[in-house]
Amino acid sequence: MNCLRYLSLCLLLLATSCAPSIIRGLHKEGDRMIEREELIPPLQTNGQLQRYHMTFDLGKHHFSGIFLIKKTGEERHRTLFTTHFGLTVFDFEISEEELTVHHCMEPLNKQQLLDLLYNDFALLLGLHFEEVNPAILYRSPTDSTQVYRLTQKPSKGYYRTLSPSTPFEKIQTGRGITKRTLCATPGTVVICHRFPNLQIRLEEIRL
Numbered sequence: 001m002n003c004l005r006y007l008s009l010c011l012l013l014l015a016t017s018c019a020p021s022i023i024r025g026l027h028k029e030g031d032r033m034i035e036r037e038e039l040i041p042p043l044q045t046n047g048q049l050q051r052y053h054m055t056f057d058l059g060k061h062h063f064s065g066i067f068l069i070k071k072t073g074e075e076r077h078r079t080l081f082t083t084h085f086g087l088t089v090f091d092f093e094i095s096e097e098e099l100t101v102h103h104c105m106e107p108l109n110k111q112q113l114l115d116l117l118y119n120d121f122a123l124l125l126g127l128h129f130e131e132v133n134p135a136i137l138y139r140s141p142t143d144s145t146q147v148y149r150l151t152q153k154p155s156k157g158y159y160r161t162l163s164p165s166t167p168f169e170k171i172q173t174g175r176g177i178t179k180r181t182l183c184a185t186p187g188t189v190v191i192c193h194r195f196p197n198l199q200i201r202l203e204e205i206r207l
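Spelled out as structure tokens, the structure:
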């Protein structure tokens, strides 16, 4: 009997330790169908030009400057990242279906990295949400925090919000070396990758 109790405790501890940190302490509420309007991405665009200070660290390569983004059509955005010296790092057009590269300097102009950046921006803007999204819902027993675990690609991952009507403050996709983490506070967004060793930081410029 004691052996069975010990085994059960070990299995419970193993399951808890393997749970992603983004849902630890939350209670699983079960399966849900989440409408797109309920999923509020970290970056909201309204057709006006938005400006951010941006730092971009890829391994030993470091870039810093101004990042511009503007919604140019239905689910379509134009982005431009230039250094403080006026050098254009990249100029992208992003839609639900594709990334159009107008300009991209080395060492970023590699297809694998471009695909990674496309998914980063799609995640930031919520471009890959369906009209209705299958999910598993987790809720905090003490406050309004909740996590949607979206189960369908390409938006598969964990999305945490401090209340149902606010933008996501943390998103986690992938696992192991493919893990991507996005953390957002008002005016600031940080995206981190394990492999490649990449960190992107955006700080809003308020005029």
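So the sequence shown is numbered by our numbering: it starts at 1 and just counts up by one.
Backbone N, C-alpha and C fix where the C-beta goes; we use that ideal spot for every residue, glycine too.
Of all C-beta pairs linking the stretch 112-128 to the stretch 95-104, three or more are shorter than 8 Å, placing the two stretches in contact. When only Cα atoms are considered, residue 78 and residue 70 end up about 5 Å apart. In the structure shown, residue 184 adopts extended strand secondary structure according to DSSP, grouped into three states.
For residue 54, DSSP records a beta bridge to 65, 202. DSSP places residue 116 outside any beta strand (DSSP E); the residue lies instead in the alpha helix (DSSP H), whose first and last residues are 111-125. The alpha-carbon separation between residue 134 and residue 197 amounts to approximately 31 Å. Between residue 26 and residue 206, the gap from beta carbon to beta carbon reaches 8 Å or more. In the structure shown, residue 157 adopts extended strand secondary structure according to DSSP, grouped into three states. Straight through space, the alpha carbons of residue 24 and residue 113 are spaced by roughly 31 Å.
Bridge partners of residue 134 according to DSSP: 33. Beta-bridge analysis with DSSP links residue 88 to 82.
Here the alpha carbon of residue 50 sits roughly 34 Å from the alpha carbon of residue 32.
Here residue 159 has 148, 168, 171 as same chain residues with Cβ atoms under 6 Å from its own Cβ, once five neighbours each way along the sequence are excluded.
As computed with DSSP, residue 191 is found in a beta bridge with 182, 200. Shown here, residue 93 sits in a strand according to DSSP, grouped into three states. Residue pairing from DSSP places residue 172 in a beta bridge opposite 158, 181. Among the bridge pairs identified by DSSP, residue 71 is matched with 77. Per DSSP, the unbroken beta strand (DSSP E) holding residue 99 starts and ends at 99-104.
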